[in-house]
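Reviewing the structure listed below.
In this note's numbering, the protein residues as written are -13 to 406.
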């Protein structure tokens, strides 16, 4: 079997006073960057975390730290340098020249992982669109062979600046972006049709959201036997999986997994994945899965909160599901009506989660036994269509119907309610 050599990399990050707090590098964000590198198939052999008042305009981290990185790169025979922060095209070019290796920032590393992981046509479209949008403003720094036709002996019509390779490529990429956006609009139209069909059938949608590696796929497998490979690495699931499941005798739901979130998630990626992530705004309930065993779960939960708001899903009902509680101190976790503590791996607390889901979905609904006269038998079709009929018994003089009904439907039939 052929041995594939793992790419070695040096990691670098900057915490500058002039930077927004969320953009500054910390030991925790550097640990996460190392995990991202491992997910991409590389290995870290060293790291540099720089503190200064402001980013260096040319090298971002300063000449001294660049020399320090270069020393590690030469001694360890590295082929890659990965920065925890977003770099400008000119900084990326300067660093590549100084270090003598390929330079990636956090955004380009995440995009590379997404390109590896996307399996469905929709997922690949979304990743490709994000990559092109990331690439477009960086083209200037990537081309060293721009041609200017200025010789007086040049053919007629080609003297002057002409069309550089850069402009040709810009036009090509803009065309690709337009084509991909049109294909994704088609995807969104199909999703919209499926959503209307779903709403007509009256099956509520419950969407799993959370930080990458919080255990969403493990939970989906636990609840539905979906058979999704659940591996302990970042961004193992990109393509949305939806499964139908019954959570009680009276309630069936569609449970949907979504791509994990992460701090400093490239905005191009969020924009491109809106075709998938807009499902959150149409869900009846969000399950925010939180890795309770991670010491930084508070910060991770805040990242997810901000992205939920960015996607316009902040008004969707939500349960906070603290996962991996078998490896955490439960006493340190919050309490509340919309808080559930579970272990998707062992099954602990899962029954309580199902009860909590049913309780939220039943808010505003009425469970009632109705005695309908045969002259009103036509209402039964409406009850099946707009409510959840549990049983129907035809008796002498009336039809007994037990059902769970939305408030509007209940208002139309409450005169027939039987309280005996």
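All residues carry an ideal CB built from backbone N, CA and C; glycine is no exception.
Within 10 angstroms of the beta-carbon of residue 151 lie fewer than 16 other beta-carbons, which makes it exposed.
Rounded to the nearest whole angstrom, the C-alpha separation of residue 227 and residue 307 is 19 Å. Exposed is the label assigned to residue 303, since fewer than 16 other Cβ atoms lie within 10 Å of its Cβ. Put simply, the backbone Cα of residue 193 is about 31 Å away from that of residue 91.
A buried status is given to residue 310, since no fewer than 16 other beta-carbon atoms sit within 10 Å of its beta-carbon. Residue 242 counts as buried, since no fewer than 16 other beta carbons sit within 10 angstroms of its beta carbon.
For the alpha helix (DSSP H) assignment, the uninterrupted runs of no fewer than 4 residues enclosed by the stretch 80 to 133 are, from N- to C-terminal side, 92 to 103, 107 to 121 and 125 to 128. By the CB criterion at 8 Å, residue 403 and residue 354 fall inside the cutoff. For residue 231, the uninterrupted beta strand (DSSP E) run begins and ends at 228 to 232, by DSSP. Taking each of 350, 377 and 375 in turn and checking the Cα distance to residue 394, the smallest one comes out for 350.
Scanning its chain for C-beta atoms nearer than 6 Å, with the 5 sequence neighbours on each side dropped, one finds around residue 84 the residues 52, in chain order. As summarised for the stretch -13 to 58, the continuous beta strand (DSSP E) elements at least 3 residues long and confined to that stretch are -7 to 2 and 28 to 38, given in chain order.
In the displayed model, residue 396 falls within a helix according to three-state DSSP. Bounds of the beta strand (DSSP E) holding residue 374 are 374 to 381.
Look at the stretch 256 to 302 and you find these whole runs of beta strand (DSSP E), each 3 residues long or longer: 271 to 277. Within the stretch 317 to 351, the complete beta strand (DSSP E) segments of 3 residues or longer fall at 325 to 327, listed in chain order. Between residue 406 and residue 290, the C-beta gap is not smaller than 8 Å, which leaves the two residues out of contact. With distances taken between CA atoms, residue 365 lies nearest to 396 out of 396, 335, 339 and 275. Inter-residue distance for residue 312 and residue 341 is about 20 Å (C-alpha atoms, whole angstroms). For residue 205, the uninterrupted alpha helix (DSSP H) run begins and ends at 202 to 210, by DSSP. If the five residues before and after residue 99 are omitted, its C-beta is found closer than 7 Å to the C-beta atoms of 22, 25, 26 and 221, all from its own chain and listed in chain order.
As the crow flies, the alpha-carbon of residue 320 is around 10 Å from that of residue 278. Taken atom to atom, the span from the alpha-carbon of residue 6 to that of residue 401 is near 60 Å.
The beta carbons of residue 56 and residue 249 sit about 28 Å from each other, so the pair does not count as a contact at 8 Å. The Cβ-Cβ distance between residue 67 and residue -2 falls below 8 Å. Within the same chain, 166 come within 7 Å of residue 114 by CB-CB distance, once the 5 residues on both sides are set aside.
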